[in-house]
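Inspection log for the structure reproduced underneath, given as structure tokens.
2 protein chains.
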Amino acid sequence: MGELIHLVVVKFKEEVVVEDIIKGLEKLVSEVDLVKSFVWGTDIESMEMLRQGFTHALMMTFGSKDDFNAFQAHPNHLEFSATFSTAIEKIVLLDFPAVVVKPPTA
Amino acid sequence: MGELIHLVVVKFKEEVVVEDIIKGLEKLVSEVDLVKSFVWGTDIESMEMLRQGFTHALMMTFGSKDDFNAFQAHPNHLEFSATFSTAIEKIVLLDFPAVVVKPPTA
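Heads up: the protein sequence lines correspond to chains A and B, in order. Take -12 as the starting number for the first sequence in the working numbering and just add one per residue. Take -12 as the starting number for the second sequence in the working numbering and just add one per residue.
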């Protein structure tokens, strides 16, 4: 089994300053080496019907399930999660081993 | 603006043979050069409450919004979409420019 992807699709509460959340995430992934990559984005293109009110996607990859488990238990992650969870209006979260069909070209 | 990510989080209908859907996707991304990368997975790790019944994540990246638009209009994509849409019980779809905070290490 290879990389594990931690995928979060979220709608933040209206009063939330998303920039602050992102700053917190940037800090978190820079401090915790277990996080192999982190990419996020704000939906701009999809049809509203298919977006279902969600606005942001956050994707972290980990080298293994063990690394991911260690991240989950990391004090910096626990601290960030406490803040993050108060900012969420709705969320879908999936954790899955990545099946790479077409690898990104360098 | 850099890469565009096409993210699909889905729960397939019970009678659907997911392997057939994946084979269709593998064929699609191998035939259409516009698709820069394709990674998918089946949730195995998240808490059921946070998974919200969704079972699969599919992620395609495109070099630009223009490439993505061309893919959307591509006959192979249109053909596949017709099959795919009948297989879905529920879906969340987000299309967004990728903000790369921590790039994957080679």
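Note that CB positions come from ideal geometry on N, CA and C, so glycine has one too.
By the Cβ-count criterion, I(-8) of chain B is buried, with 16 or more other Cβ atoms from all chains shown falling within 10 Å of its own Cβ. I31 of chain A sits in coil when the DSSP states are folded into three classes, being neither helix nor strand.
Cβ-Cβ separation between F(-1) of chain B and T42 of chain B: approximately 7 Å, consistent with a contact (criterion under 8 Å). The beta-carbon of I75 of chain A is placed no less than 8 Å from the nearest beta-carbon of chain B.
Listed in chain order, the positions of the region 22 to 41 of chain B with a beta carbon within less than 7 Å of a beta carbon of chain A are V22, K23, S24, F25, V26, W27, G28, T29, D30, I31, E32, S33, L37, R38, Q39, F41. Three or more Cβ pairs closer than 8 Å define a contact, and the region 29 to 44 of chain B meets that threshold against the region 71 to 87 of chain A.
At least one C-beta of chain A is nearer than 8 Å to the C-beta of D82 of chain B. Listed along chain A, no residue sits closer than 8 Å to V3 of chain B by beta-carbon distance, the nearest being about 17 Å off. Following the DSSP letters along the chain, one finds D82 of chain A in no alpha helix (DSSP H) but inside the beta strand (DSSP E) bounded by residues 75 to 84.
For V(-3) of chain A, the uninterrupted beta strand (DSSP E) run begins and ends at -9 to -1, by DSSP.
If you draw a 10 Å sphere on the C-beta of M34 of chain A, you find fewer than 16 other C-beta atoms in it, and that means exposed. Secondary structure at H64 of chain B: helix, using DSSP grouped into helix, strand and coil. Shown here, S51 of chain A sits in coil according to DSSP, grouped into three states, outside any helix or strand.
Going by beta carbons, P84 of chain A and G28 of chain B fall inside the 8 Å limit. Interface annotation, T48 of chain A: in contact with chain B, CB-CB separation under 8 Å.
Annotation: the continuous alpha helix (DSSP H) that includes G11 of chain B extends over 5 to 18. In the DSSP secondary-structure assignment, F25 of chain A is bridged to A:M47, B:K89.
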